[in-house]
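Asks:
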DNA sequence: CCTTAACCGAGACGGTACGTCCAGTCTTATA
DNA sequence: TATAAGACTGGACGTACCGTCTCGGTTAAGG
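Chains as they are written, first to last, in the UniProt record's numbering: chain F, 1 to 220; chain G, 1 to 220; chain E, 1 to 220; chain W, 1 to 220.
#1: Can you find the residues in the same chain that come closer than 7 Å, C-beta to C-beta, to residue 89 of chain W, ignoring five residues on each side of it along the sequence?
#2: Which residues in chain E sit within 8 Å of residue 111 of chain W, going by Cβ to Cβ distance?
#3: For residue 71 of chain F, count the other beta carbons within 10 Å of its own beta carbon; 16 or more makes it buried, fewer makes it exposed. Which is it?
#4: Rounded to whole angstroms, what's the CA-CA distance from residue 195 of chain E to residue 148 of chain E? Just pull it up for me.
#5: Give the straight-line distance between the Cα atoms of residue 172 of chain E and residue 110 of chain W, rounded to the nearest whole angstrom.
#6: Using a Cβ-Cβ cut-off of 7 Å, state whether residue 165 of chain F counts as contacting chain G.
#7: So residue 67 of chain G and residue 14 of chain G are supposed to be a Cβ contact under 8 Å. How far apart are they, rounded?
#8: With a CB to CB cut of under 6 Å and the five nearest residues on each side skipped, what residues in its chain are close to residue 50 of chain E?
#9: List in chain order: all unbroken alpha helix (DSSP H) runs of 4+ residues lying wholly within the UniProt domain "HTH tetR-type" (13-73) of chain E.
#10: By a C-beta neighbour count over all protein chains shown, 10 Å radius and 16 as the cutoff for buried, is residue 113 of chain G buried or exposed?
#11: Under a Cβ-count criterion, where at least 16 other Cβ atoms within 10 Å of its own Cβ denotes burial, should residue 82 of chain F be classed as buried or exposed?
#12: Can you find a C-beta in chain F that's less than 7 Å from the C-beta of residue 96 of chain G?
#13: Does the Cβ of residue 59 of chain W lie closer than 6 Å to at least one heavy atom of the ligand GTP?
#14: Between the alpha carbons of residue 101 of chain W and residue 156 of chain W, how many angstroms are there, rounded?
#15: Do residue 35 of chain G and residue 58 of chain G have their CB atoms nearer than 7 Å?
#16: With a threshold of 6 Å on Cβ separation, who are the neighbours of residue 191 of chain F within its own chain once the five nearest residues in sequence on each side are excluded?
#17: Residues in its own chain within less than 6 Å of residue 160 of chain W by CB, not counting five upstream and five downstream?
#18: What are the boundary residues of the alpha helix (DSSP H) that includes residue 87 of chain E?
#19: Looking only at C-alpha atoms, which of F:44, F:170 and F:162 sits nearest to residue 130 of chain G?
#20: Determine whether the Cβ of residue 180 of chain W lies closer than 7 Å to any Cβ atom of chain E.
#21: The alpha helix (DSSP H) with residue 186 of chain W in it runs from where to where?
#22: So, is residue 121 of chain F buried or exposed, given that buried needs 16 or more other C-beta atoms within 10 angstroms?
#23: Give the range of the alpha helix (DSSP H) segment to which residue 119 of chain G is assigned.
#24: Helix, strand or coil: how does DSSP classify residue 153 of chain W here?
#25: Please classify residue 17 of chain G as buried or exposed, where buried requires at least 16 other C-beta atoms within 10 Å of its C-beta.
#26: Using a 10 Å radius around the Cβ and a threshold of 16 neighbouring Cβ atoms, would you call residue 150 of chain E buried or exposed?
#27: Could you tell me whether the Cβ of residue 28 of chain W comes closer than 7 Å to any Cβ of chain E?
#28: Please say whether residue 60 of chain W and residue 139 of chain W have beta carbons closer to each other than 7 Å?
#29: Got a sec? Which residues, its chain only, sit under 7 Å from residue 26 of chain W by beta carbon, not counting five neighbours each side?
#30: For residue 32 of chain F and residue 24 of chain F, what's the separation of their Cα atoms in angstroms?
#31: Evaluate residue 45 of chain F with the Cβ neighbour count: other Cβ atoms within 10 Å of its Cβ, from every protein chain shown; 16 or more gives buried, anything less gives exposed.
#32: Leaving out five residues before and five after residue 22 of chain W in sequence, what residues of the same chain have Cβ atoms less than 6 Å from its Cβ?
#33: Give the secondary structure of residue 80 of chain G by DSSP, where H, G and I count as helix, E and B as strand, and everything else as coil.
#34: If distances are taken between C-alpha atoms only, which option among W:105, W:84 and W:141 comes closest to residue 115 of chain E?
#35: Would you check if the distance between the CB atom of residue 48 of chain F and the CB atom of residue 84 of chain F is smaller than 7 Å?
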């Protein structure tokens, strides 16, 4: 895999961790806008060039830090319980906790920056936003398949939008908390929304950009 | 009203408009992060000090521009039709159109910045976010009062979060468009969610209550 | 003389005096470089335009202030005593006192500015520097005419340069005071320098710019 | 000597020279007042921060430039000829040439600025004004020691003031040139002034600020 | 008496230099 | 070869003053 014979001084893992930690910490404490490459380097106790060598911009540091965090948390996006509603609620709760505690600032800042940076936008989609969307959608689709849910009145995609949209809306607007109670309320609402027996109107939902693998589940 | 006798040269309305227009335009074309006070001044053909004299930071320029835009649009937050559902859909549609076309970038950037600026957060709440929230909530409350809606299963606040949350989520994530069709779908979903006859037990665990046949509100 | 019929509000003498006083005071207290038109106007309690209306630049305010000061002092450049040496000493003393107490800063600043402003240079020559030069030179020439002095070894112009040059040198370099004692020492030195009987070497002094009326007096 | 191990990128000698050259050149061509840090940086083709990093203000750039110039010229302040008068004239001539050609504007501007900046005043004394004063005074003292001169009527310090004062006076007032001819005339005048046999009435000269090393040796 | 024109204060206007900070790049010595 | 250090060019920051311009209000001479 790594075909280069790896000569010279190897990359310092210490420096790598220090940079990622410093970036997340500074972003959460001072905000995305105030985060600077210089600040990251100084907080990490690392030369500036060392940061630039491995990450072209602060966006990249943050994305790497988020990915690293996810790996370390080894977070389960698939709760594996048989109970669909319980799984939905667990997923939402985990998402809310993580976002509220650690990554909210970074994510919102990155999102704002991504408005005019399609490449960044795509990277966020594929690493942060997309997987969670797909995980929730897959859960709901499982419920539909089991018959406990139905995508009659509203599509599953819109239901997912409701769940995560509420989270984002509250994160940025701060008019209400994002906590376990919200997870519960949303789960309840989704149940109502996707209650079997609702008349299907079967509008084929337009495919999302990253085309989740989830089968659209026949609207029959 | 204006008790100060207005001494000295009066403020130039031309310069004011040029600055606000330039700010919105630049923000929409280049993004919030790339927006600079210098750039605003130069695009507006105005001295830098003139911008700083009236607005301490780019946030303030943008907020003023948004407020000015709202005033100019003389946009109706209260559609005044008797039909509650129609009014909801109209409000959502108008909101989506405005946000998509003109103010999306600015708003997201401002929101990102507000994460560490409580004062800015409050100002956004009171001028941009709050009024729209309250307008939609009032419409829904009217529906409840009329009996066409019911806040049984989910609170009206959560319903509002669903509507605008979806908008924000799609604005920042860009996984799906924010258009009239979305307004329609959300309206339909809200109808389902707030269907009269839903067991009003508020927040506790959703029971297995049977729901009567909801009207499909066919959009076709 | 004043052919315009002088209609409208007449110029405020109060404002004029306030501006000139403020200029001199600020220049002496804060230095020439720190003197600003804005500061002059504010200290004088006068509108900025009122300053600009009558004086194009701070140089002009200062020159006017210096001229005004000279007029008010009604200072005698010609002491009228029969004793030439006494007159020389009196003139130097008066000059030193005035320059040290009030006008030193302004003069040096103006001089520095005049290095690249020939028009200013000429105005300073004709209003401030020149008259004093000529006054001293005339005194010395009178001494020569009376026989108490002789311009044999050194020209009168160089003698004048010695006297005022020392003053300027000490003003800017501050290595020694400019006081009555210096006036006395210089007078003594000039006596030595222009002592009758000194061997003439008769170098025809090149005329100075303002060509004082003083006869070069043949060195015969 | 340099005990710090010299970490990081070393200072660019190229940039240093470019800044000093640009400063002197601009000052001579446009005048001290018009000299700006920005202009220096741009003319030198150097970042603005690079100028500020090493010199806090334009004064410091100029003083450094003057010192650098003196070092490069490796100018002899002590001509080493046995003939005192010749040495005096040589020193004056060199001083006049240097000041007229290169440093006049800068020096006058610095002097004007030093009127309200004691620290700058002191620095100018110790680097520019003082050494020349002491060099000339030492020459004259040597002449006195040899018996070719006498500090009877006027003190050596006043004689030095005459020589350099005349230079300054003409530099700022521009009523006459500062050239070799002036050096010659001043030398002649000093000879007259310090002619042995002049009645020594011995006014105990007040010690000057910089207190030249020595007693002028017995006035034989 | 009553225009009326020039004066006056205040202060906004477009510009420009200030001195600071950070972005990214580079060049050194060291590991 | 990676690293910490730090100097490099470049550019936005927010401030201060420049010189110009418009206001409302004042003040005396001339009709």
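The beta-carbon is built from N, C-alpha and C at its ideal position, and this holds for glycine as well.
Replies: The answer reads as follows:
#1: Stepping through the fourth chain from its first residue, residue 89 of chain W is reached at position 89. Correct list, in chain order: 183, 184 and 187.
#2: For the purposes of this step, residue 111 of chain W is taken as the residue at position 111 of the fourth chain. Per Cβ cutoff of 8 Å: 108, 112, 172 and 173.
#3: On the first chain, position 71 is the one that residue 71 of chain F refers to. Residue 71 of chain F comes out exposed.
#4: Taking the first residue of the third chain as 1, we reach residue 195 of chain E at position 195. Taking the first residue of the third chain as 1, we reach residue 148 of chain E at position 148. Those two C-alpha atoms are separated by around 8 Å.
#5: The residue labelled residue 172 of chain E in the question sits at position 172 within the third chain. The residue labelled residue 110 of chain W in the question sits at position 110 within the fourth chain. Separation of residue 172 of chain E and residue 110 of chain W (C-alpha to C-alpha, rounded to the nearest whole angstrom) is 9 Å.
#6: The sequence position of residue 165 of chain F within the first chain is 165, counting from 1. At a cut-off of 7 Å between beta carbons, residue 165 of chain F contacts chain G.
#7: On the second chain, position 67 is the one that residue 67 of chain G refers to. On the second chain, position 14 is the one that residue 14 of chain G refers to. With a Cβ gap of about 19 Å, residue 67 of chain G and residue 14 of chain G do not count as contacting.
#8: By 1-based counting over the third chain, the position of residue 50 of chain E is 50. Cβ neighbours of residue 50 of chain E beyond the five flanking positions: 15.
#9: Within the UniProt domain "HTH tetR-type" (13-73) of chain E, the complete alpha helix (DSSP H) runs of at least 4 residues are 13-30, 37-44, 48-54 and 58-73.
#10: Here the question's residue 113 of chain G lines up with position 113 in the second chain. Counting every other CB atom within 10 Å of its CB across the protein chains shown gives residue 113 of chain G a total of 16 or more, marking it as buried.
#11: Here the question's residue 82 of chain F lines up with position 82 in the first chain. Exposed.
#12: Here residue 96 of chain G is taken as the residue at index 96 of the second chain, counted from 1. Not one chain F Cβ lies under 7 Å of residue 96 of chain G.
#13: Annotation note on the ligand GTP: not contained in the displayed structure, which lists no ligands.
#14: Working through the fourth chain from its first residue, we reach residue 101 of chain W at position 101. Working through the fourth chain from its first residue, we reach residue 156 of chain W at position 156. Residue 101 of chain W and residue 156 of chain W have their C-alpha atoms spaced approximately 28 Å apart.
#15: As a working note, residue 35 of chain G is residue 35 in the second chain. As a working note, residue 58 of chain G is residue 58 in the second chain. Yes, the Cβ-Cβ distance between residue 35 of chain G and residue 58 of chain G is below 7 Å.
#16: Numbered from its first residue, the first chain carries residue 191 of chain F at position 191. There are no such residues.
#17: Your numbering for residue 160 of chain W matches position 160 in the fourth chain. Same-chain partners within the cutoff: 133, 136 and 137.
#18: As a first step, residue 87 of chain E must be located in the third chain, where it is residue number 87. Per DSSP, residue 87 of chain E belongs to the alpha helix (DSSP H) from 84-98.
#19: Working through the second chain from its first residue, we reach residue 130 of chain G at position 130. In terms of Cα proximity to residue 130 of chain G, the closest of F:44, F:170 and F:162 is F:170.
#20: Position 180 of the fourth chain holds residue 180 of chain W. No, because no Cβ of chain E sits closer than 7 Å to the Cβ of residue 180 of chain W.
#21: To locate residue 186 of chain W, count along the fourth chain from 1; it is residue 186. Going by DSSP, residue 186 of chain W is part of the alpha helix (DSSP H) stretching over 180-193.
#22: As a working note, residue 121 of chain F is residue 121 in the first chain. Its Cβ being crowded by 16 or more others within 10 Å, residue 121 of chain F is buried.
#23: Stepping through the second chain from its first residue, residue 119 of chain G is reached at position 119. Looking at the DSSP string, the run of the alpha helix (DSSP H) that includes residue 119 of chain G is 118-124.
#24: Numbered from its first residue, the fourth chain carries residue 153 of chain W at position 153. Of the three classes helix, strand and coil, the one that applies to residue 153 of chain W here is coil, per DSSP.
#25: Stepping through the second chain from its first residue, residue 17 of chain G is reached at position 17. Residue 17 of chain G comes out exposed.
#26: Within the third chain, the letter at position 150 stands for residue 150 of chain E. Buried is the call here.
#27: Taking the first residue of the fourth chain as 1, we reach residue 28 of chain W at position 28. No, its Cβ sits nowhere closer than 7 Å to a Cβ of chain E.
#28: Taking the first residue of the fourth chain as position 1, residue 139 of chain W is located at position 139. Taking the first residue of the fourth chain as position 1, residue 60 of chain W is located at position 60. Taking a C-beta distance under 7 Å as the contact criterion, residue 139 of chain W and residue 60 of chain W do not qualify as a contact pair.
#29: Start at 1 with the first residue of the fourth chain, and residue 26 of chain W comes out as number 26. Non-local C-beta neighbours of residue 26 of chain W in its own chain, meaning closer than 7 Å and more than five positions away in sequence, comprise 35, 39, 40 and 43, ordered along the chain.
#30: Position 32 of the first chain holds residue 32 of chain F. Position 24 of the first chain holds residue 24 of chain F. Those two C-alpha atoms are separated by around 9 Å.
#31: Locating residue 45 of chain F in the first chain gives position 45, counting from the first residue. Burial call: exposed.
#32: Translated into the one-based positions of the fourth chain, residue 22 of chain W becomes position 22. For residue 22 of chain W, where only same-chain residues beyond five positions count, the Cβ hits under 6 Å are 40, 43 and 44.
#33: Working through the second chain from its first residue, we reach residue 80 of chain G at position 80. Correct three-state label for residue 80 of chain G: coil.
#34: Sequence index remark: in the third chain, residue 115 of chain E carries index 115 (1-based). Of the residues W:105, W:84 and W:141, the one whose Cα lies closest to the Cα of residue 115 of chain E is W:105.
#35: The residue labelled residue 48 of chain F in the question sits at position 48 within the first chain. The residue labelled residue 84 of chain F in the question sits at position 84 within the first chain. Contact check for residue 48 of chain F against residue 84 of chain F fails: the beta carbons are separated by 7 Å or more.
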